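Before any comments, here is the structure.
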Amino acid sequence: MKQTMMNTAAGVLAAVLLGSAGLAYANPYPVGSQQWHNFNGIMQSEADRIQRERNATRQQPINRGPTAAEIRAWEQREAKVQAEIAELRRTPFYGVVVFDFSASKLVWVAGFKSEQVARQRAMRRCSTSNCRVVAVFNNTCAVLTTPDSGVKAPSDLFFGYDTDDKLAAEKSMQQCERANGRGNCGYSSVETKHGTAFCTGYDYSAYGQ
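Start counting the sequence shown at 839; every next residue gets the next number (our numbering).
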């Protein structure tokens, strides 16, 4: 009877010790036996493991949104970028088209802050002495249309200008057909990154020269 009471008390003690970790197992082995010690060791190890997991969970960082200072810093950076873009859009970046009448060849440059420099660079790309500047424009697109009969003089070159290259194409075709008759004109075959349009300016990624 005495031994039974001791065993029961030991079991209750083990349950109390392990209860804080979420375990409540009574030790079924005689007090002081090797099995009793082994069981207690296993239960204590399990209790320690659970407690470590609980502590780790509590220590997990809490995801938070940006602070007011971080938001202000981001807004300031964004405002600076937008101001720089607005300034680039206001800045004239010139494009120049040159026609070589001896070689029947067209050359062009774009993205220059200086019209004079743009003219000089375009003329340098001409291979003969019979070259003329036929178009100067900034922050827009130009489309060239010529008569099917060929280009013999600057008056045979018809440029349309617009920030929308499709509208520029319509304007150039209308000019050419007014002078040469409907169906007697064609667009320039010179290919650019904007199709057959010559575009210059920040919005066309042709700037900063």
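Heads up, the beta-carbon is just placed ideally off N, CA and C, and yes, glycines get one too.
Remember, it's a predicted structure, so these values are computed and weren't measured experimentally.
key: Cβ-based burial, D886 [other Cβ within 10 Å; buried from 16]   = exposed
Rounded separation between Y999 and V972 - CA only = 13 angstroms
Completely contained beta strand (DSSP E) runs for the segment 956-1011, where each covers 3 or more residues = 969-976, 978-985, 996-1000
message = Once DSSP output is grouped into helix, strand and coil, what is the label at Y1040?
response = Of the three classes helix, strand and coil, the one that applies to Y1040 here is helix, per DSSP.
ask   = Between H1032 and the rest of its own chain, which residues show a CB-CB distance below 6 angstroms, the 5 nearest in sequence each way excluded?
value = D1003
message = Can you tell me whether A941 is helix, strand or coil according to DSSP?
response = Residue state, collapsed to three classes: coil.
key: C-beta atoms of C1023 and P992 nearer than 8 angstroms   = no
message = Please identify the residue among F996, S1043, R915, A921 whose C-alpha is closest to the C-alpha of V981.
response = Out of F996, S1043, R915, A921, F996 has the C-alpha closest to the C-alpha of V981.
Residue(s) in a DSSP beta bridge with Y932 = F950, N976
ask   = Using 8 angstroms as the threshold, is the segment 901-911 in touch with the segment 1004-1013, meaning 3 or more CB pairs across them?
value = no
query = From R927 to A1017, what distance separates their C-alpha atoms?
reply = 35 angstroms
ask   = What is the DSSP secondary structure of G1024, counted as helix, strand or coil?
value = strand
message = Please state the DSSP three-state secondary structure of G1019.
response = Judged by DSSP in its simplified three-state form, G1019 adopts coil rather than helix or strand.
C-alpha gap between T975 and E953, whole angstroms = Note that residue 975 corresponds to Phe in the displayed sequence, not to Thr. Near 9 angstroms, if we compare the C-alpha coordinates of E953 and F975.
ask   = With a CB to CB cut of under 6 angstroms and the five nearest residues on each side skipped, what residues in its chain are close to V947?
value = Result list for V947: V934, A956, R959, A960, in chain order.
task = Within 10 angstroms of the Cβ of T978, are there 16 or more other Cβ atoms? Answer buried if so, exposed if not.
result = buried
key: Cβ distance (whole Å) where F937 is taken to contact F950 below 8 angstroms   = Wrong, their Cβ atoms sit about 19 angstroms apart, outside the cutoff.
ask   = What do you get for A827, buried or exposed, if any count of 16 or more other CB atoms within 10 angstroms of its CB means buried?
value = Coverage of the chain is limited to positions 839 through 1047, which leaves residue 827 absent and any answer about it impossible.
query = From R970 to A941, what distance separates their C-alpha atoms?
reply = 12 angstroms
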